[in-house]
Amino acid sequence: FYPRRAVRKILEEESIGYTGTKDLVAAFLESTYSQTPPSTNQIDCARAHFDRCEWKNPTSEELTILSSPLSSEEIKHRLGKACNTAPGRDGLEYRHLRALDTSGHLLASIYRAVWTYGISARWKTSRTVPIYKKGDSSDYGNFRPISLLPTMYKIFSGIL
Numbered sequence: 576f577y578p579r580r581a582v583r584k585i586l587e588e589e590s591i592g593y594t595g596t597k598d599l600v601a602a603f604l605e606s607t608y609s610q611t612p613p614s615t616n617q618i619d620c621a622r623a624h625f626d627r628c629e630w631k632n633p634t635s636e637e638l639t640i641l642s643s644p645l646s647s648e649e650i651k652h653r654l655g656k657a658c659n660t661a662p663g664r665d666g667l668e669y670r671h672l673r674a675l676d677t678s679g680h681l682l683a684s685i686y687r688a689v690w691t692y693g694i695s696a697r698w699k700t701s702r703t704v705p706i707y708k709k710g711d712s713s714d715y716g717n718f719r720p721i722s723l724l725p726t727m728y729k730i731f732s733g734i735l
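Given below as structure tokens:
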């Protein structure tokens, strides 16, 4: 999977669209993503594996780092190395945020509020875009679903 190529395919105007029906998509997604519950044996094996793991508590230094809000320096660094990706429902691209907040201070203020009050439900909502691969355009199996998250959330979670 090549993210830059996916961005071009999402943003180009002549992308091949899905030509089938909503019912066919629903049937395809149901068959693809429905799961049978794990068996008792599978649950027991997973529990045994979990119990064998050596879990360590974080050090006080690690706890300090983990409990600190994001700094403007971290945000500026993340924005500086972020490659252009397709925007989510917010429509924001990294270039917009770079132009709006060159120092990272504005985003740091926003992220401090997020750190205190929690992540907005809007940030947890993605937009899924089907990218055509090849073959019959009425067969949803010939499309790759790409989930587009809001750019503000991508920066926040990327730093975490």
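Numbering-wise (the numbering used here), the sequence shown opens with residue 576 and increments by one. Note that CB positions come from ideal geometry on N, CA and C, so glycine has one too. Keep in mind the model is a prediction, meaning the values are calculated, not measured.
Separation of residue j from residue i, as counted between CA atoms
| i | j | result |
| --- | --- | --- |
| L724 | A601 | 22 Å |
| G693 | I685 | 11 Å |
| S712 | P720 | 14 Å |
| A683 | F625 | 37 Å |
| S609 | K709 | 24 Å |
| A688 | K597 | 40 Å |
| S590 | N717 | 13 Å |
| N616 | N659 | 45 Å |
| C620 | E629 | 16 Å |
| T639 | Y707 | 46 Å |
With 16 other Cβ atoms within 10 Å as the buried cut-off, status of residue i
| i | result |
| --- | --- |
| E636 | exposed |
| R622 | exposed |
| E605 | exposed |
| K656 | exposed |
Distance CB(residue i)-CB(residue j) smaller than 8 Å
| i | j | result |
| --- | --- | --- |
| T726 | P662 | yes |
| G752 | D714 | For residue 752 there is no data in the structure shown, the boundaries of the chain being 576 and 735. |
| L641 | L654 | no |
| S647 | S678 | yes |
| I730 | I650 | yes |
Own chain, CB closer than 8 Å to residue i, minus 5 neighbours either side, in chain order
| i | result |
| --- | --- |
| L681 | L675 |
| R697 | R664, D665 and P725 |
Simplified DSSP assignment, three categories, for residue i
| i | result |
| --- | --- |
| L599 | helix |
| R627 | helix |
Beta-carbon proximity list for residue i, same chain, < 6 Å, skipping 5 on both sides
| i | result |
| --- | --- |
| G733 | R653 |
| S722 | S701 and T703 |
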